[in-house]
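Peer 1: Dumping the structure here so I can ask a few things about it.
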Amino acid sequence: MRNTSRAFTQTADGSSFVQASTRGVLGTAMVVALLSLTVSVTLHAQDGKAVYDKWCSGCHGDTGAGDGFGSKTMLPHPRDFTKGVYKIRTTASGEIPTDADLRHVIEVGMPGTAMPEWKSRLSDGEIGAVVQYVKTFSANSFKQPAKTIAIGKAPSGSGVDEGKAVFQKLECSKCHGMAGRADGKSAPTLKDDYGNPIRPADLTENWKFRGGNTVTDIYTRLRTGLDGTPMPSFQDAIDNKLITDEQLWRVAQYVHSLSPEKAPAPREVVRAAQATALPTTVDAPAWNAVEKFWVPLVGQIIAKPRWFAPTVDGVWVQALHDGHTLAMRISWDDPSKSPDATWDEFLGRMSKTLTDVDGPLATQQGPDRLVVQFAKNPNDESKKPYFLGGDAKSPVYVWRWTSEPRVEEGTEAGLGKFTAAPNVHVTQSARYGDGQWQVLFTRPLVSTDSAAPTFSAGHAIPMAFFAADGSSGEDEVRGAVSTWYAVYLDVPTPKSVYVAPIAMIALSAGLGMLLVAQAQRRERGDVANGSSHMEER
Amino acid sequence: MRRMMLGAAVLAVGVWGCGGSKGNASNGAAGNSTSAVAQSGGSTGPTGNAAVSGVIHFTGAAPSNPKIDMSQESACQGKYKTPPTDPQYVVKDAKLGNVFVYVDSGLPNGAKYTASAPTQIDQDGCLYHPRVFGAVVGQDIVIKNDDNVLHNIKAVPKVNRGFNISQPSAGMTSKRSFSEPEVMVPLECNVHGWMHAYVGVLTHPFFATSDSTGSFSIKNLPAGTYTIKAWHEKLGTQQQTVTVGAGETKNIDFTFSGPKA
């Protein structure tokens with residue numbers, strides 16, 4: 001990085017400006033501004049090569065073909081620049097992107113993929129140079145200037161209901177699913193221009209939208225499509241007067257509304273509140289009122305066989321206890337209820353595409369799986385087992401669930417090295433619908449099994465997750481994992497806790513009433529005198 | 538051209554009329570035995586009155602075409618009386634349809650052709666009609682949806698710029714063209730992964746697709762010596778050289794063998 005920066009300073013022809021500043025003709029700020037302008041103007045594609053070779057070629061390859069050493073394990077694969085085809089554009093379907101489009105993607109990255117943001121690492125000039133260099137990989141495509149389409153402003157008011165109706169009319173659910181969780185009927189058959197398997201966006205997780213998640217971002221993608229992918233442009237639906245431009249904005253508003261207002265921030269401790277009665281079914285309405293905790297998962301890339309393309313990117317955890325039993329509901333998005341023959345084609349594509357993995361993928365789909373893992377020694381941080389399934393010295397206690405569905409209970413001494421407990425106390429009930437699993441686990445707080453932790457109120461038990469999708473080749477230890485989190489069981493609230501606030505509320509309410517009454521008396525007097533506070537001010 | 542457009546009109550009527558068996562009857566086989574543009578004379582550039590025509594023969598056992606499960610699209614499935622298949626091999630009486638036959642070289646140097654009339658592809662019964670066709674560089678390709686379901690039509694070229702258009706409703710039309718010669722540009726629908734079509738883009742209008750009797754005819758050629766190529770989506774490309782004089786029609790046949798078991 002430092003070397004590269006130095007190279008740029010030398011290349012830039014800024015010496016005359018520096019001399020000007022020493023004569024005091026221009027202020028320092030002006031010099032800096034002009035200098036940076038000069039840098040960005042004089043940087044050419046060849047200057048971009050140095051930046052590219054250092055920072056980009058590892059994934060995108062020396063010749064820009066998207067075949068760098070890291071590429072084969074990634075899904076989506078890194079962009080192949082030799083085709084001149086780009087997803088994120090402000091230009092019509094099939095058109096080249098503008099320089100600004102390319103710059104934007106480099107600056108902010110592509111959420112949900114391996115492409116990071118570069119704004120904090122590269123200078124404006126360096127990014128501008130890389131943009132020019134990347135275009136040389138497909139010089140033919142970039143002979144003509146790019147033409148942006150006019151993106152207006154979102155219409156005023158909320159059009160979520162209309163947007164939903166248009167979403168249905170346009171049959172977006174064919175790929176994205178009825179609830180937007182990427183489980184549409186066509187989803188298993190989708191491939192990109194290179195024949196690689198590709199998933200529709202999960203519309204309930206808009207923080208992973210490749211081109212950004214504002215309403216304008218979404219609208220722009222609807223207008224332009226995502227070239228190289230199955231996502232088409234809806235421009236012609238407007239041109240044919242099937243829908244209006246405003247209705248397309250409403251679709252964007254509706255899609256935006258399907259995700260939480262903000263991307264969920266992981267919190268280390270999942271709180272299990274104490275309830276007088278626990279919900280008895282996985283879809284009991286009572287769960288809607290229970291706080292949800294987001295635990296992000298990433299590909300398991302430590303133990304072999306490693307897995308770089310996980311389906312499950314996180315689980316929502318809800319927990320309650322009643323002093324005797326712990327009830328935990330885990331929900332996660334998975335577009336397939338595995339095994340499912342309609343996903344055979346998808347698994348075949350995964351096998352062909354992810355060639356640089358540890359051994360061939362299974363040819364048969366397995367079930368979906370979830371492992372909830374706990375540490376036995378909650379109070380001694382130094383004795384917390386290895387997060388990846390513990391080890392022989394320090395095993396972890398696990399609930400191993402599969403979509404058959406059933407659950408096993410026992411210990412693991414290393415990821416997947418499972419020993420069943422003599423007695424099974426944990427129960428499961430599972431529900432799959434609209435691209436989402438929900439599994440309810442219950443277990444008595446106290447276990448007779450010495451290897452199992454005893455959950456007790458007022459204590460946090462370390463907890464971690466492993467999830468796998470059987471339809472995309474996630475067998476053995478292939479899947480997604482979290483690091484250690486914890487579940488904390490609320491202590492029963494002493495009665496005094498309730499009494500004191502009520503007394504305080506009563507007291508302050510009483511005082512408030514007194515003040516209001518006094519003010520009203522004064523007000524009446526003022527009105528009688530023909531004036532009011534408002535007019536006086 | 539006229540035949541093709543008439544065919545398209547009949548298709549369209551069929552859809553709304555009774556949801557009959559039209560899709561099944563033609564099953565994607567080429568209806569136009571000759572190059573639309575060449576026959577209509579709707580192009581500029583040097584032409585003549587020579588012609589090359591012939592038959593595409595097929596030897597061996599014709600592979601059975603894969604069945605298509607359209608159960609998720611009742612609007613399309615309802616157009617078929619028997620379960621639809623993907624017409625990769627159009628074989629009848631040892632003749633092969635849907636072979637794209639075209640002049641690969643031999644036209645006068647510097648000859649430039651443009652098409653004055655558009656060509657058309659329909660999405661009907663969740664299949665493309667025609668499945669194999671040609672277009673001149675710059676010629677408008679009218680893309681029509683005759684199904685009351687969402688189609689996207691995506692061009693996946695190697696030389697040209699692609700496109701990917703959504704057509705969520707029956708009656709929608711779009712126009713696109715290609716700027717560079719490319720044989721063939723695959724077209725596909727991602728909502729219905731079985732839908733495939735192929736367009737041969739050439740700098741001239743001297744091309745034809747063999748019909749269900751295996752026949753093709755390339756007309757209005759200037760006298761000359763030509764390399765003629767014949768392309769099939771599964772069986773590859775063959776070529777022959779032929780010399781035709783003014784006013785002459787030469788017959789050339791091609792023979793494709795079925796894939797080895």
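Chains as they are written, first to last, in this note's numbering: chain A, 1 to 537; chain B, 538 to 798.
The beta carbon of each residue, even a glycine, is placed where N, CA and C say it ideally should be.
As the structure is a prediction and not an experimental result, all values here were calculated from the model.
(1) For Lys153(A), does the count of other Cβ atoms within 10 angstroms reach 16, so buried, or fall short, so exposed?
(2) To the nearest angstrom, how far is the alpha carbon of Thr91(A) from that of Trp343(A)?
(3) Compare the beta carbon distance of Ser447(A) and Leu489(A) with 8 angstroms and say whether it is the shorter of the two.
(4) Could you tell me the boundaries of the beta strand (DSSP E) in which Asp333(A) lies?
(5) With a threshold of 16 other CB atoms inside 10 Å of the CB of Lys241(A), please say whether the residue is buried or exposed.
(6) List the residues of chain A that Phe700(B) touches, going by C-beta distances under 7 angstroms, in chain order.
(7) What is the C-beta distance between Ala760(B) and Ala587(B), in whole angstroms, given that I count them as a contact (C-beta under 8 angstroms)?
(8) Run through chain A and tell me which residues come within less than 7 angstroms of Ser706(B), C-beta to C-beta.
(9) Could you compute how far the alpha carbon of Tyr52(A) sits from the alpha carbon of Ser141(A)?
(10) Looking at Pro155(A): is its Cβ nearer than 8 angstroms to the Cβ of Glu95(A)?
(11) Determine, using beta carbons only, whether Thr622(B) comes closer than 8 angstroms to chain A.
(12) Quick one: which chain A residues come within Cβ less than 8 angstroms of Met709(B)?
(13) Indicate the three-state DSSP secondary structure (helix, strand or coil) for Lys83(A) in the structure shown.
(14) In this structure, does DSSP put Trp731(B) in helix, strand or coil?
(15) Given Thr22(A), which residues of its chain have a CB within under 6 angstroms of its CB, disregarding the five upstream and five downstream residues?
(16) Give me whichever residues DSSP pairs with Thr320(A) in a beta bridge.
(17) Check the Cβ of Lys691(B) against every Cβ in chain A and list those closer than 8 angstroms, keeping chain order.
(18) I'd like to know if Val781(B) contacts chain A, where contact means its C-beta is closer than 8 angstroms to some C-beta of that chain.
(19) Shortest alpha-carbon distance to Gln428(A) belongs to which of Ala263(A), Ser450(A), Ala451(A), Trp399(A)?
(20) Would Cys59(A) pass as a contact of Gly48(A) if the rule is Cβ separation under 8 angstroms?
(21) Within the region 369-457 of chain A, note down every full beta strand (DSSP E) run reaching 3 residues or more, in order along the chain.
(22) Establish whether the CB of Leu687(B) and some CB of chain A are separated by less than 8 angstroms.
(23) Let's test the definition: count the other Cβ atoms within 10 Å of the Cβ of Pro620(B) and tell me whether it reaches 16, buried, or not, exposed.
(24) Taking Cβ-Cβ distances shorter than 8 angstroms, what residues in chain B pair up with Arg170(A)?
(25) Take the Cβ of Ala562(B) as the centre, count every other Cβ of all protein chains shown within 10 Å, and call the residue buried at 16 or more, exposed below.
(26) I'd like the list of long-range same chain contacts for Gly433(A), defined as Cβ closer than 6 angstroms, with 5 residues on each side in sequence excluded.
(27) DSSP state of His769(B), grouped into three classes?
(28) Our contact map puts Pro116(A) next to Gly109(A) with C-beta atoms below 8 angstroms; I'd like the distance itself, whole angstroms only.
(29) By a C-beta neighbour count over all protein chains shown, 10 Å radius and 16 as the cutoff for buried, is Ala252(A) buried or exposed?
(30) Assuming contact is defined by CB atoms lying nearer than 8 angstroms, are Val295(A) and Val317(A) in contact in what I supplied?
(31) Are there 16 or more other CB atoms within 10 angstroms of the CB of Ser794(B), so buried, or fewer, so exposed?
(32) Can you pull the chain B residues whose beta carbon is under 7 angstroms from the beta carbon of Leu190(A), in chain order?
(33) Using a Cβ cut-off of 8 angstroms (strictly closer), state whether Gly730(B) contacts chain A.
(34) Please decide whether Gln609(B) counts as near chain A, where near means a Cβ-Cβ distance under 8 angstroms.
(35) Determine, for Lys174(A), whether the minimum Cβ-Cβ distance to residues of chain B falls below 8 angstroms.
(36) In chain C, which residues lie less than 7 angstroms from Asp67(A) when you measure between Cβ atoms?
Peer 2: Per the coordinate set shown:
(1) exposed
(2) One alpha carbon belongs to Thr91(A), the other to Trp343(A), and they sit about 34 angstroms apart.
(3) Result no, Cβ atoms of Ser447(A) and Leu489(A) do not sit closer than 8 angstroms.
(4) 325-333
(5) Classified as exposed, Lys241(A) has fewer than 16 neighbouring CB atoms from the shown chains inside 10 Å of its CB.
(6) Ser93, Gly94
(7) 5 angstroms
(8) Leu242
(9) 20 angstroms
(10) no
(11) no
(12) Asp236, Ala237, Asn240, Leu242
(13) helix
(14) coil
(15) Confidence in Thr22(A) is poor, its pLDDT being 38 and thus under 50, which makes the residue's placement too unreliable to answer from.
(16) Note on residue identity: the sequence assigns Leu, not Thr, to residue 320(A). Answer is Ala273(A), Ala327(A), bridged to Leu320(A).
(17) Pro230, Pro232
(18) no
(19) Trp399(A)
(20) no
(21) 369-374, 396-402, 406-412, 418-420, 427-433, 436-444
(22) yes
(23) With fewer than 16 Cβ atoms within 10 Å of its Cβ, Pro620(B) is classed as exposed.
(24) Rather than Arg, the amino acid found at residue 170(A) in this sequence is Leu. Those within 8 angstroms of Leu170(A) in chain B are Leu687, Ser703, Pro705.
(25) With a pLDDT of only 36 at Ala562(B), under the threshold of 50, the placement of this residue in the model should not be trusted, and no figure is reported.
(26) Within the same chain, Gly433(A) has no close Cβ partners at all.
(27) strand
(28) 5 angstroms
(29) buried
(30) Yes, they are a contact pair.
(31) exposed
(32) Here the neighbours are Asn727.
(33) Contact of Gly730(B) with chain A is assigned, a C-beta pair being separated by under 8 angstroms.
(34) Interface flag for Gln609(B) against chain A is set, since a Cβ pair is found closer than 8 angstroms.
(35) yes
(36) No chain C appears in this structure, whose protein chains are A and B.
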